[in-house]
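Asks:
There are 2 protein chains.
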Amino acid sequence: MAATETLTAERILEATEEVLRRYGPAKATVVDVARVLGVSHGSVYRHFRTKAALREAVTERWLSRTETALAELTAAPDRPAPEKLHAWFAHLFEAKRHKAGDDPELFATYNVLIDENSGVVEQHIGVLIDQVRSIVAEGAREAEFTAPDPDATARALFDATSRFHDPAYAPEWRRPTIETEFEAVVGLLLRGLRA
Amino acid sequence: MAATETLTAERILEATEEVLRRYGPAKATVVDVARVLGVSHGSVYRHFRTKAALREAVTERWLSRTETALAELTAAPDRPAPEKLHAWFAHLFEAKRHKAGDDPELFATYNVLIDENSGVVEQHIGVLIDQVRSIVAEGAREAEFTAPDPDATARALFDATSRFHDPAYAPEWRRPTIETEFEAVVGLLLRGLRA
DNA sequence: GGAATGACAGATATTGAAATCTGTCATCGC
DNA sequence: GCGATGACAGATTTCAATATCTGTCATTCC
Numbered sequence: 001m002a003a004t005e006t007l008t009a010e011r012i013l014e015a016t017e018e019v020l021r022r023y024g025p026a027k028a029t030v031v032d033v034a035r036v037l038g039v040s041h042g043s044v045y046r047h048f049r050t051k052a053a054l055r056e057a058v059t060e061r062w063l064s065r066t067e068t069a070l071a072e073l074t075a076a077p078d079r080p081a082p083e084k085l086h087a088w089f090a091h092l093f094e095a096k097r098h099k100a101g102d103d104p105e106l107f108a109t110y111n112v113l114i115d116e117n118s119g120v121v122e123q124h125i126g127v128l129i130d131q132v133r134s135i136v137a138e139g140a141r142e143a144e145f146t147a148p149d150p151d152a153t154a155r156a157l158f159d160a161t162s163r164f165h166d167p168a169y170a171p172e173w174r175r176p177t178i179e180t181e182f183e184a185v186v187g188l189l190l191r192g193l194r195a
Numbered sequence: 001m002a003a004t005e006t007l008t009a010e011r012i013l014e015a016t017e018e019v020l021r022r023y024g025p026a027k028a029t030v031v032d033v034a035r036v037l038g039v040s041h042g043s044v045y046r047h048f049r050t051k052a053a054l055r056e057a058v059t060e061r062w063l064s065r066t067e068t069a070l071a072e073l074t075a076a077p078d079r080p081a082p083e084k085l086h087a088w089f090a091h092l093f094e095a096k097r098h099k100a101g102d103d104p105e106l107f108a109t110y111n112v113l114i115d116e117n118s119g120v121v122e123q124h125i126g127v128l129i130d131q132v133r134s135i136v137a138e139g140a141r142e143a144e145f146t147a148p149d150p151d152a153t154a155r156a157l158f159d160a161t162s163r164f165h166d167p168a169y170a171p172e173w174r175r176p177t178i179e180t181e182f183e184a185v186v187g188l189l190l191r192g193l194r195a
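Protein sequences appear in the order of chains A and B.
For what it's worth, UniProt numbering labels the leading residue of the first sequence as 1, then goes sequentially.
For what it's worth, UniProt numbering labels the leading residue of the second sequence as 1, then goes sequentially.
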């Protein structure tokens, strides 16, 4: 009713994302976020203890969208594990590349978090590796993969494909040959997994 | 005879390396280098057209030491290709890790070059990939490897092991589990190569 | 004659003062 | 009573003046 809806964490996150998109992580301030919401910056601090916590929450939400999309792929039934694993990495690569290209400022925010050693990124990687582990274990169960230690194998797969999902390589993702290079690496890894 | 030997490019490189080691790439100046040599900075410019060229020459020399050591390994006769490839990557990892740990300032200089998109680094990578290609081709000849396109395969191997030689990951090379992770990745790749 | 010098202009980096921002909290208003 | 406010202190960033550095070149010196 009132022109001012109640101030929720969700609304603050929305506004923060908008401000980050517009100004980037270097210029965005908590006062900017408060201004967008038409409140004082003190009110923002009622919901997020620090600016870093706010930044983390935005990134967490942003990363969880990728996690969810990949989780669906992971859970898909009746699909051979090798094909599934290939599709999973291709999708991850595509998602990261898309984010780097279309949301450069939010992507930069994500990189700030990496430098800060925030647990959010570590956790994100943990979730992703766990999805890989799940596909590897499935492949081993169906005797398509040899993987004595699915956990270590999943991590190895993730490490070996770093060039295609680690933000440090984002500038290289525009090269026209990058798709071919991706296929060469994933092809080699899948061969290595074969039972 | 004279207290002052003639000023050669080699002597300048030596002095530059010393200065870089002491002050790091951010603080080292051409005047510092000249002071170490007891000459005016104008004399340094007689041998190197710009400061960037000097920095490049130092790094090139530094990188070529690694290239030479690995070339010996590559050329070793009577050694199975899989074993050779494993040793090659282990040696590269060890060399890079050693440089990052023992020569942090020179390592930082190397990273400056990467940001400058200097051809020196690209060339270094080219030389390394060519060595890998040579081992892969040898393995294919001896029917130990399946590698329809040794060049693409070499690049894929290099890409897949980025985490263990790309300076961007240097901070991670202190983790105690890194060796295990290296072995997991290389093991998987060697399996993928097997004929 | 040819290498070395050092004064110089323009570019880059440093510094310190002023402005802005973060995070707190006593107070306000519903 | 409880969330919102805005004044405030300390931390951080910005900005402009100052200092240093890079790269050139006319001149010096062997």
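We put the CB at the ideal spot given by N, CA and C, even for glycine.
Model, not experiment: these values are computed from the prediction.
Please tell me whether Gly192 of chain B has its Cβ less than 8 angstroms away from any Cβ of chain A.
Replies: With 8 angstroms as the cut-off, Gly192 of chain B counts as an interface residue toward chain A.
Asks: Can you say whether Phe93 of chain A is buried or exposed, counting buried as having 16 or more other CB atoms within 10 angstroms of its CB?
Replies: That one is buried.
Asks: So who's on the other strand from Arg194 of chain A, going by DSSP bridges?
Replies: In the DSSP output, where bridge partners are listed per residue, Arg194 of chain A has A:Phe145.
Asks: Below 9 angstroms on C-beta distance, what does Glu181 of chain B contact in chain A?
Replies: Ala152, Arg155, Ala156, Asp159, listed in chain order.
Asks: Near Arg22 of chain B, which residues of its chain fall below 8 angstroms by C-beta distance, leaving aside the five closest residues on each side in sequence?
Replies: Excluding sequence neighbours, Arg22 of chain B sits near Ala28, Glu105.
Asks: What is the DSSP secondary structure of Thr180 of chain A, counted as helix, strand or coil?
Replies: Thr180 of chain A: helix per DSSP, three-state reduction.
Asks: Using 8 angstroms as the cut-off, can you tell me whether the region 169-185 of chain A makes contact with the region 27-47 of chain B, which would need three or more C-beta pairs spanning the two stretches below that distance?
Replies: The region 169-185 of chain A is not in contact with the region 27-47 of chain B.
Asks: Taking Arg163 of chain A as the query, report the chain B residues whose CB atoms sit under 7 angstroms from its CB, ordered along the chain.
Replies: Those are Asp159, Ser162, listed as they occur along chain B.
Asks: Three or more C-beta pairs under 8 angstroms: does that hold for the region 157-165 of chain B against the region 176-190 of chain B?
Replies: Enough Cβ pairs lie closer than 8 angstroms, so yes.
Asks: Measure how close the beta-carbons of Val19 of chain B and Val36 of chain B come, nearest whole angstrom, since I'm counting them as under 8 angstroms.
Replies: That pair is a contact at about 6 angstroms.
Asks: On the CB-based measure, 16 or more other CB atoms within 10 Å of its CB, does His124 of chain A come out buried or exposed?
Replies: His124 of chain A comes out buried.
Asks: Please report the distance separating the alpha-carbon of Ile114 of chain B from that of Ala52 of chain B.
Replies: In a straight line, the C-alpha of Ile114 of chain B is about 12 angstroms away from that of Ala52 of chain B.
Asks: Could you work out which residues of chain B lie near Leu188 of chain A, taking near to mean beta carbons separated by less than 8 angstroms?
Replies: Per Cβ cutoff of 8 angstroms: Thr153, Ala156, Leu157, Ala160, Leu189, Gly192, Leu193.
Asks: Quick check on DSSP: helix, strand or coil for Gly38 of chain A?
Replies: Three-state DSSP puts Gly38 of chain A in coil, outside helix and strand.
Asks: So Ala75 of chain B and Gly139 of chain B are in contact, right, with Cβ under 8 angstroms, and what is the actual spacing, rounded?
Replies: Actually they do not touch by this definition, with Cβ atoms about 15 angstroms apart.
Asks: Along the chain, where does the alpha helix (DSSP H) containing His91 of chain B start, and where does it finish?
Replies: Unbroken alpha helix (DSSP H) run through His91 of chain B: 81-102.
Asks: Mind checking Thr66 of chain B: buried by the 16 CB within 10 Å criterion, or exposed?
Replies: Counting Cβ neighbours within 10 Å, Thr66 of chain B comes out buried, since at least 16 surround it.
Asks: Any Cβ of chain A within less than 8 angstroms of the Cβ of Val120 of chain B?
Replies: Not closer than 8 angstroms to any Cβ of chain A, the Cβ of Val120 of chain B fails to qualify, so no.
Asks: Report yes or no: is there a C-beta of chain A within less than 8 angstroms of the C-beta of Ala168 of chain B?
Replies: Taking Cβ atoms only, chain A reaches closer than 8 angstroms to Ala168 of chain B, which makes this a yes.
Asks: Is the beta carbon of Phe145 of chain A sitting closer than 8 angstroms to the one on Arg194 of chain A?
Replies: Yes. Within cutoff.
Asks: Starting from Ala108 of chain B, find everything on chain A with Cβ-Cβ shorter than 7 angstroms and list it in chain order.
Replies: The premise fails here: Ala108 of chain B is roughly 16 angstroms from chain A at the closest Cβ pair, so nothing lies under 7 angstroms.
Asks: For chain A, is any of its Cβ atoms less than 8 angstroms away from the one on Ala184 of chain B?
Replies: Yes, contact with chain A.
Asks: Buried or exposed for Gly192 of chain B, please, with buried defined as at least 16 other CB atoms from any protein chain shown within 10 angstroms of its CB.
Replies: Result: buried.
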